[in-house]
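A.B. asks:
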Amino acid sequence: MGSDGNQIHAMFFPYMAPGHMMPMVDMARMFAAFGAKVTIIITTMNALRIKNVIDRDVKLGRDITLEIISLPSTEVGLPEGCENVISAPTPEMSIKLFHAIELLQPKIKKLFSDLHPDCIVSDSLCPWTLDIANELGIARIAFNGSGFFNLCLSENITHYEPHKSIESETETFVVPGLPDEVTLTRSQLPDIVKAKNKFSELFDNFYELEPGYADHCRNVLGIKAWHIGPVSLVNRDTVDKVDRGEKTSISKHDCINWLDCKKPRSVLYICFGSLTRFNKKQTTEIAYALEASGHPFIWVVGKVSKTSNDEFEDEEQEQWLPKGFEDKIKENGHGLLVRGWAPQVLILEHEAIGGFVTHCGWNSILEGVVAGVPFITWPIFAEQFYNEKLVTQVLNLGVSIGNEVWKAWATEDSLVIKSGDDILMAINAVMGDTEEAIDMNKRAKKLGELAKKAVEEGHSSYNDLKRLIEDIKMHRISKSNGVIENSGNA
Ligand code: UDP
């Protein structure tokens, strides 16, 4: 049933990958904190990932419920319990997972139809939810997992096709029609240049981060958009920050104690998100650069990539670090390895963190921005190269490692090899005491303050969430008066 009176009922259907699910759950919690009735549709195993934090919200009096459904994993040949891209061991398994998600359509349709919310917020990776919403006459808002910059860049690349009039993969071209001069090479473009998306879009973002692109998106591209982030800021308590995402592989206590002993802005944090796999050669080069840099570091060592004839198992992880590396850094207290999942938001906000080596996933960028730390950018795939350009060419908040080739999954023969010296040079450019590094730090700090302010009452993201909820109410009123006939978009 639709909600009564002044309260809107918003239904969220998060995509099953950490970088999508976590911000969407945070968004849902923001809606509930704003007084909306919220239902999150989630599969059994993924529900376990968010149950604690939702239980705490319910205790605080928020109107938020989980609607748990089962994923047809075994029907598509997935191992039982594999319900998230992070637990899919190979690209083939990820594809099976995407297929299982598609198979949820009838269940989702029934839920939308039974509960008939005022609006559905679903990932732009699930365009079929728009068809269902339209059929049922419910407003649908697409969650855009990235920023305005990425949307403007992809739109203009699709529209002007600047990459088609150049000779080689490595020649740089300027993307026409943007507020800034942004250059790319063809080898940095995603395999599929994204199709035009005319949906109403909901961004985990704040206006002050990319005002020119927010305006461009709305005024030039004509896309209806709301920015309500950084949504990770909804996690105010330490326990929420630690519980966000997967189960952490290091205790909060060990992590914070280690950081407490380091000087302010002296520590490098290295993490490549939830999905990136590096090969053994690459991790060895990273280890070399970290040691040579002399800066203390926390390195979230993700999974190493397997090739088809590689029998490499997780238990053998030590083998892909230089011999003795781990013992040495433990002994001299210089580094902390996190094998698995780190409490990233908690780490980044510690005053000891002075730089972030990132794969440029949108969540990581925003979390780094909130923390006010400069970046060392190392994009790999998805829209990460676009995000890198925002950081290095527009915001001047970081230095690029210099990766040149977009590649979805690093393997033994992968081109994603940056030498230890390349890595070291970028680290030194950000962590050093040159005028440029100092200015970058100042800019990062200032933007961090603006980010935190944006979600406070009366500021940009708070106001946009208020506007969005009013828009949904207006849509409901128009619908009950029979005014709306078409798309079902808010
Ligand atoms: N993350 C984390 N601990 C880890 C790895 C990742 O908390 O050890 C979180 C990180 O804070 C971010 C998300 O996972 O919120 C990754 O999203 P992002 O968009 O940066 O990259 P993706 O994983 O989608 O490539």
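Taking this note's numbering, the leading residue of the sequence shown gets 377, the next gets one more, and so forth. Note that CB positions come from ideal geometry on N, CA and C, so glycine has one too.
Taking the alpha helix (DSSP H) that A515 falls in, what are its first and last residues?
C.D. replies: Within the sequence shown, residue 515 is the residue found at index 139, counting from 1. Element bounds for A515: not the alpha helix (DSSP H) but the beta strand (DSSP E), A515 to N520.
A.B. asks: Where S463 and L424 are concerned, what is the direct C-alpha to C-alpha distance, given to the nearest angstrom?
C.D. replies: Position 87 of the sequence shown, counted from the start, is the residue given in the question as residue 463. Position 48 of the sequence shown, counted from the start, is the residue given in the question as residue 424. Between S463 and L424, the C-alpha separation is close to 14 Å.
A.B. asks: Grouping DSSP H, G and I as helix and E and B as strand, with all else coil, what is H385?
C.D. replies: Residue mapping note: residue 385 aligns to position 9 of the sequence shown, counting from 1. If DSSP states are grouped into helix, strand and coil, H385 belongs with the strands.
A.B. asks: Starting from V746, trace the alpha helix (DSSP H) both ways and give me its first and last residue.
C.D. replies: For this step, residue 746 is matched to residue 370 along the sequence shown. Unbroken alpha helix (DSSP H) run through V746: W738 to A747.
A.B. asks: So is the beta-carbon of E743 under 7 Å away from any non-hydrogen atom of the ligand UDP?
C.D. replies: On the sequence shown, residue 743 is found 367 positions in, with the first residue counted as 1. Indeed, a heavy atom of the ligand UDP lies less than 7 Å from the Cβ.
A.B. asks: State the Cα-Cα distance for the pair S608 and P399, rounded to the nearest angstrom.
C.D. replies: Against the sequence shown, residue 608 aligns to sequence position 232. Against the sequence shown, residue 399 aligns to sequence position 23. Distance between the alpha carbons of S608 and P399 is about 7 Å.
A.B. asks: S576: which of F525, L506 and D630 sits nearest, CA to CA?
C.D. replies: Residue numbering aside, residue 576 sits at position 200 when the sequence shown is read from its first letter. Here the closest residue by C-alpha is L506.
A.B. asks: Considering only residues of the same chain and omitting the five flanking positions on each side of G453, which have a CB-CB separation below 7 Å?
C.D. replies: Stepping through the sequence shown from its first residue, residue 453 is reached at position 77. Same-chain partners within the cutoff: K472.
A.B. asks: Once you ignore the five residues that flank N685 on each side, which residues in its own chain have a CB closer than 8 Å to its CB?
C.D. replies: What you label residue 685 is simply residue 309 of the sequence shown in a count that begins at 1. Here the model assigns N685 a pLDDT of 41, short of 50, so the residue's position is not dependable and the matter cannot be decided.
A.B. asks: Using the Cα positions of L442 and A404, report the straight-line distance between them to the nearest angstrom.
C.D. replies: Here residue 442 is taken as the residue at index 66 of the sequence shown, counted from 1. Here residue 404 is taken as the residue at index 28 of the sequence shown, counted from 1. Taking the straight line joining both Cα atoms gives about 11 Å.
A.B. asks: Quick one: what does DSSP say W696 is sitting in, helix, strand or coil?
C.D. replies: Residue mapping note: residue 696 aligns to position 320 of the sequence shown, counting from 1. DSSP places W696 in helix when its eight states are reduced to three.
A.B. asks: Apart from the five residues just before and just after G864, which ones in its own chain have a Cβ nearer than 7 Å to its Cβ?
C.D. replies: By one-based count along the sequence shown, residue 864 stands at place 488. Reliability of the predicted coordinates at G864 is poor, the pLDDT of 40 falling under 50, and no value is obtained from them.
A.B. asks: Bridge partners of G716, per DSSP?
C.D. replies: For this step, residue 716 is matched to residue 340 along the sequence shown. Per DSSP, none; premise fails for G716.
A.B. asks: Can you tell me which of the three DSSP states K828 falls into?
C.D. replies: On the sequence shown, residue 828 is found 452 positions in, with the first residue counted as 1. Correct three-state label for K828: helix.
A.B. asks: Is T546 close to chain D? Criterion is C-beta to C-beta, closer than 8 Å.
C.D. replies: Note that chain D does not occur in the displayed structure, where there is just one protein chain.
A.B. asks: Nearest by alpha-carbon distance to M807: which of N595, C458 and P640 is it?
C.D. replies: Counted from its first residue, the sequence shown places residue 807 at position 431. When only C-alpha atoms are compared, the closest one is P640.
A.B. asks: Give the straight-line distance between the Cα atoms of I705 and N428, rounded to the nearest whole angstrom.
C.D. replies: In the sequence shown, the residue the question calls residue 705 occupies position 329. In the sequence shown, the residue the question calls residue 428 occupies position 52. Those two C-alpha atoms are separated by around 34 Å.
A.B. asks: Applying the criterion that 16 or more other CB atoms from any shown protein chain within 10 Å of the CB defines a buried residue, is T734 buried or exposed?
C.D. replies: For the purposes of this step, residue 734 is taken as the residue at position 358 of the sequence shown. The residue is buried, with at least 16 neighbouring Cβ atoms inside 10 Å.
A.B. asks: Do you know how far the Cα of E531 is from the Cα of K570?
C.D. replies: One-based indexing of the sequence shown puts residue 570 at position 194. One-based indexing of the sequence shown puts residue 531 at position 155. Confidence in K570 is poor, its pLDDT being 35 and thus under 50, which makes the residue's placement unreliable; the coordinate value appears in the next sentence. C-alpha separation (whole angstroms): 8 Å.
A.B. asks: Is there contact between the segment 634-649 and the segment 716-731, where contact requires at least three CB pairs shorter than 8 Å?
C.D. replies: These segments touch.
A.B. asks: Do P719 and the ligand UDP come close, with the Cβ less than 7 Å from some heavy atom?
C.D. replies: Stepping through the sequence shown from its first residue, residue 719 is reached at position 343. Checking the Cβ of P719 against the ligand UDP gives yes.
A.B. asks: Do you know how far the Cα of F761 is from the Cα of G649?
C.D. replies: Within the sequence shown, numbered from 1, the residue matching residue 649 stands at position 273. Within the sequence shown, numbered from 1, the residue matching residue 761 stands at position 385. Rounded to whole angstroms, G649 to F761 spans 14 Å at the Cα level.
A.B. asks: Between H726 and the ligand UDP, is there a pair consisting of the residue's CB and a ligand heavy atom that are separated by less than 7 Å?
C.D. replies: Taking the first residue of the sequence shown as position 1, residue 726 is located at position 350. Not so, every heavy atom of the ligand UDP lies at least 7 Å from the Cβ.
A.B. asks: Counting C-beta neighbours from all protein chains within 10 Å, is the total for D613 16 or more, i.e. buried, or is it exposed?
C.D. replies: The sequence position of residue 613 within the sequence shown is 237, counting from 1. With fewer than 16 other Cβ atoms within 10 Å, it is exposed.
A.B. asks: List the endpoints of the continuous alpha helix (DSSP H) containing A509.
C.D. replies: One-based indexing of the sequence shown puts residue 509 at position 133. W504 to L512 is the span of the alpha helix (DSSP H), which, as asked, contains A509.
A.B. asks: Between the C-alpha atoms of M421 and F407, what's the straight-line distance to the nearest angstrom?
C.D. replies: Within the sequence shown, the letter at position 45 stands for residue 421. Within the sequence shown, the letter at position 31 stands for residue 407. Cα to Cα, M421 sits roughly 23 Å from F407.
A.B. asks: Under 8 Å by Cβ, that's how I've got M387 and I417 pegged, so tell me the actual separation to the nearest angstrom.
C.D. replies: If you number the sequence shown from 1, residue 387 lands on position 11. If you number the sequence shown from 1, residue 417 lands on position 41. 7 Å between Cβ atoms; contact.
A.B. asks: Can you check whether the CB of L722 is closer than 8 Å to the CB of I674?
C.D. replies: Taking the sequence shown and counting its residues from 1, one reaches residue 674 at position 298. Taking the sequence shown and counting its residues from 1, one reaches residue 722 at position 346. No, the Cβ-Cβ distance between I674 and L722 is not below 8 Å.
A.B. asks: DSSP three-state label for Y583, please.
C.D. replies: Residue mapping note: residue 583 aligns to position 207 of the sequence shown, counting from 1. Three-state DSSP puts Y583 in a helix.
A.B. asks: Going by C-alpha to C-alpha distance, which of T548, K699, G553 and G521 sits closest to I741?
C.D. replies: Mapped onto the sequence shown, residue 741 falls at position 365. Residue G521 is the option with its Cα nearest to I741.
A.B. asks: Mapping DSSP to helix, strand and coil, what is W602?
C.D. replies: In the sequence shown, residue 602 corresponds to position 226, counting from 1. Strand, per DSSP.
A.B. asks: Do you know offhand how far R819's Cα is from F751's?
C.D. replies: Your numbering for residue 819 matches position 443 in the sequence shown. Your numbering for residue 751 matches position 375 in the sequence shown. Cα to Cα, the separation comes out at about 12 Å.
A.B. asks: Helix, strand or coil for D690? Go by DSSP, reduced to three states.
C.D. replies: As a working note, residue 690 is residue 314 in the sequence shown. Residue placement at D690 is flagged as unreliable, the pLDDT there being 46, under the threshold of 50; a coordinate-derived value is accordingly withheld.
A.B. asks: Beta carbon of W738: closer than 7 Å to some heavy atom of the ligand UDP?
C.D. replies: What you label residue 738 is simply residue 362 of the sequence shown in a count that begins at 1. Yes; taking the cut-off as 7 Å, the Cβ of W738 has a heavy atom of the ligand UDP nearer than that.
A.B. asks: Where do the ends of the alpha helix (DSSP H) carrying K413 lie?
C.D. replies: Locating residue 413 in the sequence shown gives position 37, where the first residue counts as 1. Per DSSP, K413 belongs to no alpha helix (DSSP H); it is in the beta strand (DSSP E), K413 to T419.
A.B. asks: Compute the beta-carbon to beta-carbon distance between N460 and A393, rounded to the nearest angstrom, for a pair I have assumed lies under 8 Å.
C.D. replies: Along the sequence shown, read from residue 1 onward, the residue named residue 460 stands at position 84. Along the sequence shown, read from residue 1 onward, the residue named residue 393 stands at position 17. With 8 Å as the limit, N460 and A393 qualify as a contact, their Cβ atoms being about 7 Å apart.
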